[in-house]
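Each remark here refers to the structure printed beneath this line.
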Amino acid sequence: MEVINITKSYDPDFVAEVEAESEQNVRLCYQCGNCTAGCPYTFAYDIPVSQIMRLVQAGQKEKVLSCRSIWICATCESCTTRCPNDIDVARLMDVLRHMARRYNYNAVPTVRTFVDSFLNSVEKHGRVFEMGLMAAYMTKTGRFWTDTDLSPKVLPKGKLSFKPHRIQGRDEVAKIFERYKEQQR
Amino acid sequence: MSEARTYGYYPGCSGMGTSMEYERSTRAVCEALGIKLVELEDWSCCGSTPAHTVDHVLSAALSGRNLSIAESMGLDTVITPCPSCLTNLKTATHRMENPEFRSKVDKLLDKPAPGGVAVKSVLQVIFEDVGPDAIREKVVRPLDGLALAPYYGCLMNRPPEVMQFDDPENPTSMDEILKALGADVVPYGLKVECCGASHGIAQKDVVTTLSGRLLDLAYAEKAVAMVTACPLCQMNLDLRQGQINSANKTNYKMPIFYYTQLLGIALGLPEKELGFDKLAVNPAPVLKAIQEPSHAAS
Chain A
1 MEVINITKSY
11 DPDFVAEVEA
21 ESEQNVRLCY
31 QCGNCTAGCP
41 YTFAYDIPVS
51 QIMRLVQAGQ
61 KEKVLSCRSI
71 WICATCESCT
81 TRCPNDIDVA
91 RLMDVLRHMA
101 RRYNYNAVPT
111 VRTFVDSFLN
121 SVEKHGRVFE
131 MGLMAAYMTK
141 TGRFWTDTDL
151 SPKVLPKGKL
161 SFKPHRIQGR
171 DEVAKIFERY
181 KEQQR
Chain B
1 MSEARTYGYY
11 PGCSGMGTSM
21 EYERSTRAVC
31 EALGIKLVEL
41 EDWSCCGSTP
51 AHTVDHVLSA
61 ALSGRNLSIA
71 ESMGLDTVIT
81 PCPSCLTNLK
91 TATHRMENPE
101 FRSKVDKLLD
111 KPAPGGVAVK
121 SVLQVIFEDV
131 GPDAIREKVV
141 RPLDGLALAP
151 YYGCLMNRPP
161 EVMQFDDPEN
171 PTSMDEILKA
181 LGADVVPYGL
191 KVECCGASHG
201 IAQKDVVTTL
211 SGRLLDLAYA
221 EKAVAMVTAC
231 PLCQMNLDLR
241 QGQINSANKT
251 NYKMPIFYYT
261 QLLGIALGLP
271 EKELGFDKLA
281 VNPAPVLKAI
291 QEPSHAAS
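As they're listed, the protein sequences go chains A and B.
For what it's worth, full-length UniProt numbering labels the leading residue of the first sequence as 1, then goes sequentially.
For what it's worth, full-length UniProt numbering labels the leading residue of the second sequence as 1, then goes sequentially.
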């Protein structure tokens with residue numbers, strides 16, 4: 001078992017930041033393990049969600065923000081629904097992702113690229129353009145073979161448009177993103 | 001059932017593309033059940049999962065624009081077929097009850113987001129406002145003998161404080177609707193387990209593992225088809241069923257229906273309006289059993 005000396009590595013600012021942004025009291029977690037027991041993603045995680053909770057309590061910023069789990073969590077709300085102390089664990093995982101972006105951690109680049117491609121598409125067209133999103137994702141990741149096996153199944157169905165469904169108010173949507181980015185600076 | 005009820009309708013982006021059969025069958029079924037849908041004019045994307053994984057205020061603002069449209073159209077309730085849109089619209093409303101959060105959201109918007117617009121899923125409205133008993137009376141092509149696995153997906157009912165509909169661990173609304181259509185609903189213990197969500201593209205093994213488990217159980221319970229209420233769940237289970245089969249060395253050919261498609265067929269709506277031709281796994285063998293209920297029941 002890994003031993004962490006928290007007298008040296010405890011980061012109180014990190015704990016305060018997580019608590020403020022998530023509006024959750026992480027000290028309420030008593031490590032019952034219910035979140036991990038119900039989490040469908042534990043098999044793909046490097047750190048199970050209950051251990052992430054413990055590491056947040058122990059102020060282990062580097063370890064938490066550099067892990068893969070926070071990118072793989074799909075916000076299925078199982079942990080939040082089952083927490084006996086009503087901690088919104090899924091919201092906390094979301095906040096850890098926000099912080100990982102802010103502090104330039106990027107443990108699973110494909111997930112981040114997918115998310116960014118999705119939002120770029122919304123910013124540009126007002127609605128997500130599925131075909132354009134896939135093209136952008138493949139170009140940015142260099143993964144040109146992504147889901148090409150699905151093309152013969154999906155294209156004849158006429159479900160995927162080759163053109164975006166642009167809305168009249170796309171400038172309004174673009175402005176939401178603009179103001180958001182200005183605030184981040 | 002009383003006279004037609006009117007709701008603001010938010011189709012969601014996938015309804016314009018990969019889940020167009022859900023969108024089409026939702027409209028057809030609502031019309032048949034006396035639910036009047038008024039589409040939000042020039043609605044925009046709710047940001048789906050990507051927005052809230054980047055920032056909660058940004059996510060709420062993207063929902064806020066759509067809630068404003070509803071308000072300006074004089075609509076007090078917005079309904080949507082998509083659980084991801086639903087969760088974003090409802091979570092935004094829920095979080096904006098906090099004035100500090102609300103003021104941050106309003107700073108991103110042209111005009112402040114409204115507070116009084118209610119948000120519900122189409123499933124909730126069909127279940128609560130029409131109800132299984134009224135539906136049973138309208139069935140002209142019963143789904144007699146069809147063994148179906150009801151799969152709700154993770155978001156429709158969770159977390160309960162926000163979603164305020166059905167049971168977060170063992171929802172039964174869709175079960176009750178399917179039973180009213182005459183179907184046999186198999187015991188399905190993974191009703192709210194996640195299918196792998198949007199990781200199909202970036203982390204495919206996550207989807208083949210989790211959706212594979214869902215298919216394993218439906219098969220073990222001798223279901224002839226699965227029934228979903230979520231565009232992403234449907235896509236993972238249906239379109240990716242071949243990828244799941246190759247990854248897990250299985251050979252499933254399990255049709256994955258939207259509950260609105262089966263509701264529509266039982267109400268006697270034309271199959272063309274329900275978009276069965278858009279499904280990846282061929283639904284013909286199961287649809288044939290509906291047309292010949294005496295054979296299916298034997």
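We put the beta carbon where it would ideally sit given N, CA and C, even for glycine.
Quiz item: Relative to the C-alpha of B:K204, which residue among B:N170, B:Q243, B:P171, B:D106 is closest?
Solution: B:Q243
Quiz item: Is the shortest distance between the beta-carbon of B:L210 and the beta-carbons of chain A less than 8 Å?
Solution: yes
Quiz item: Of the residues that make up the region 46-70 of chain B, which ones have a beta carbon closer than 8 Å to any beta carbon in chain A?
Solution: Here the close residues are G47, S48, T49, P50, A51, H52, T53, V54, D55, H56, V57, L58, A61, L62, R65.
Exercise. Tell me, please, whether the CB atom of B:Q203 is closer than 8 Å to any CB atom in chain A?
Key: yes
Practice problem: Alpha carbon to alpha carbon, how far is A:Q57 from A:K163? Give it in angstroms, no decimals. | Solution: 48 Å
Exercise. Identify the contact partners of B:T250 in chain A, using a Cβ-Cβ distance below 9 Å as the criterion.
Key: Residues of chain A passing the Cβ test: none, with the nearest at roughly 16 Å.
Quiz prompt | Sequence-distant residues of the same chain with beta carbon closer than 7 Å to A:G169, five excluded per side | solution = G126
Quiz item: So, B:V186 versus B:V286, is the Cβ gap smaller than 8 Å?
Solution: B:V186 places its beta carbon 8 Å or farther from that of B:V286.
Self-check item: A:Q67 versus A:D46, A:D13, A:G33, A:F118, residue with shortest Cα-Cα distance
Solution: According to the sequence as given, residue 67 of chain A is Cys; it is not Gln. Among A:D46, A:D13, A:G33, A:F118, the Cα nearest to that of A:C67 belongs to A:D46.
Self-check item: Spatially closest choice to A:Y30 from A:D13, A:V49, A:K61, A:T42, by CA coordinates
Solution: A:V49
Self-check item: Members of the region 134-160 of chain B near chain A, C-beta cut-off 7 Å
Solution: C154, L155, R158, P159, P160
Quiz prompt | Beta carbon proximity, B:S121 to chain A, threshold 8 Å | solution = With a threshold of 8 Å between beta carbons, B:S121 makes no contact with chain A.
Quiz item: When burial is assigned at 16 or more other CB atoms within 10 Å of the CB, is residue 190 of chain A buried or exposed?
Solution: The structure shown does not extend to residue 190 of chain A, since chain A spans only 1 to 185, so no value can be given for it.
Quiz prompt | Contacts of A:T7 in chain B (Cβ-Cβ under 7 Å) | solution = By Cβ distance, chain B contributes nothing, its closest Cβ being about 33 Å from A:T7, past 7 Å.
Practice problem: Under the assumption that B:V122 contacts B:L33 (Cβ atoms under 8 Å), give the Cβ distance between them as a whole number of angstroms. | Solution: In this structure B:V122 does not touch B:L33 by the C-beta definition: roughly 10 Å separates them, more than the 8 Å allowed.
Practice problem: Could you round the C-beta distance between A:R91 and A:G38 to whole angstroms and report it? I think they count as a contact, below 8 Å. | Solution: About 16 Å; that fails the 8 Å criterion.
Quiz item: At least one CB of chain B closer than 8 Å to the CB of A:R185: is that the case?
Solution: no
Practice problem: Measure from the C-beta of A:V166 to each C-beta in chain B and report whether the shortest distance is under 8 Å. | Solution: The identity of residue 166 of chain A in the sequence shown is Arg, whereas the question assumes Val. Not an interface residue.
Practice problem: Please check if any C-beta of chain A sits within less than 8 Å of the C-beta of B:M16. | Solution: yes
Quiz item: Of all the residues that make up the region 73-99 of chain B, which are near chain A by a beta-carbon distance shorter than 7 Å?
Solution: none
Quiz item: Cα-Cα, which of A:V111, A:T42, A:N104 is closest to A:C79?
Solution: A:T42
Self-check item: Alpha-carbon spacing of B:G15 relative to A:R179, whole angstroms
Solution: 28 Å
Practice problem: Mind reading off the beta-carbon distance from B:P150 to B:V227? Whole number of angstroms is fine, and I expect it under 8 Å. | Solution: 5 Å
Quiz item: In three-state terms, what does DSSP make of B:M114?
Solution: Met is not the amino acid found at residue 114 of chain B; the sequence shown has Pro there. Here B:P114 sits in coil by DSSP.
Exercise. Mind the definition here: the region 258-267 of chain B touches the region 141-158 of chain B only if three or more C-beta pairs lie below 8 Å; say whether that holds.
Key: yes
Quiz item: Between B:V117 and A:A74, what straight-line distance do the alpha-carbon atoms span, to the nearest angstrom?
Solution: 27 Å
Quiz item: Using 8 Å as the limit for Cβ to Cβ distance, is B:S103 near chain A?
Solution: So no, B:S103 is outside the interface.
Quiz item: Grouping DSSP H, G and I as helix and E and B as strand, with all else coil, what is B:M254?
Solution: coil
Quiz item: Over what stretch of residues does the alpha helix (DSSP H) that includes B:Y259 continue unbroken?
Solution: 259-266
Quiz item: For the region 31-49 of chain B against the region 95-114 of chain A, are there 3 or more C-beta pairs whose distance is under 8 Å?
Solution: no
Quiz item: Going by C-alpha distance, which of A:E182, A:A20, A:V26, A:S22 is nearest B:P107?
Solution: Per the sequence shown, the amino acid found at residue 107 of chain B is Lys instead of Pro. With distances taken between Cα atoms, B:K107 lies closest to A:E182.
Exercise. Output, in sequence order along the chain, the residues in the region 167-196 of chain B whose CB is closer than 8 Å to any CB in chain A.
Key: P168, E169, V192, E193, C194, G196
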